[in-house]
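A.B. asks: Everything in the sequence shown is counted per the numbering used here, starting at 666 for the first residue and increasing by one. All C-beta atoms in this analysis are idealised placements derived from N, C-alpha and C, irrespective of residue type, glycine included.
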Amino acid sequence: MIKIFLGVCAIEIILAIIFGPHSCEWGGQAYVYAGIIGLIVTLLLPFFQKNWSFIKRILYSLGFSSLLAMIWITGFMLCDFRIICKLF
Numbered sequence: 666m667i668k669i670f671l672g673v674c675a676i677e678i679i680l681a682i683i684f685g686p687h688s689c690e691w692g693g694q695a696y697v698y699a700g701i702i703g704l705i706v707t708l709l710l711p712f713f714q715k716n717w718s719f720i721k722r723i724l725y726s727l728g729f730s731s732l733l734a735m736i737w738i739t740g741f742m743l744c745d746f747r748i749i750c751k752l753f
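1. Kindly indicate which three-state DSSP category residue 674 falls into: helix, strand or coil?
2. Do you know how far the Cα of residue 689 is from the Cα of residue 750?
3. Is it true that the CB of residue 704 sits closer than 7 Å to the CB of residue 726?
4. At which residues does the alpha helix (DSSP H) containing residue 743 begin and terminate?
5. Rounded to whole angstroms, what's the CA-CA distance from residue 701 to residue 723? Just pull it up for me.
6. Taking the C-alpha atoms as reference points, what is the distance between residue 710 and residue 737?
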């Protein structure tokens with residue numbers, strides 16, 4: 666499970682590097698969708714552990730998703746995503 670989570674984090678970083686320079690054309694929207702899919706995966710990932718209690722699954726789910734959200738936002742800031750592409 667940790668390997669899958671680390672893989673999702675690595676994919677998120679790689680996508681930020683790829684999509685950053687194209688943020689005004691298509692990269693920004695694609696990065697947002699990739700982040701949402703990554704968050705859904707990390708939210709559901711602990712629920713496939715059968716021997717864990719429900720509380721432990723919830724805590725790991727929230728922890729994994731909050732870590733991925735921090736990586737997602739950091740990638741957005743560090744990889745030169747532009748928010749305002751054209752004013753007029």
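C.D. replies: So, from the listed chains and residues:
1. Sequence index remark: in the sequence shown, residue 674 carries index 9 (1-based). Collapsing the DSSP output to three states places residue 674 in a helix.
2. Stepping through the sequence shown from its first residue, residue 750 is reached at position 85. Stepping through the sequence shown from its first residue, residue 689 is reached at position 24. If you take the alpha carbons of residue 750 and residue 689, they lie about 6 Å apart.
3. Working through the sequence shown from its first residue, we reach residue 726 at position 61. Working through the sequence shown from its first residue, we reach residue 704 at position 39. In this structure, residue 704 does not lie closer than 7 Å to residue 726 by Cβ.
4. Residue numbering aside, residue 743 sits at position 78 when the sequence shown is read from its first letter. Where residue 743 is concerned, the enclosing alpha helix (DSSP H) stretches over 719–743.
5. Position 36 of the sequence shown holds residue 701. Position 58 of the sequence shown holds residue 723. Cα to Cα, residue 701 sits roughly 18 Å from residue 723.
6. Residue mapping note: residue 710 aligns to position 45 of the sequence shown, counting from 1. Residue mapping note: residue 737 aligns to position 72 of the sequence shown, counting from 1. Cα-Cα distance, rounded: 17 Å.
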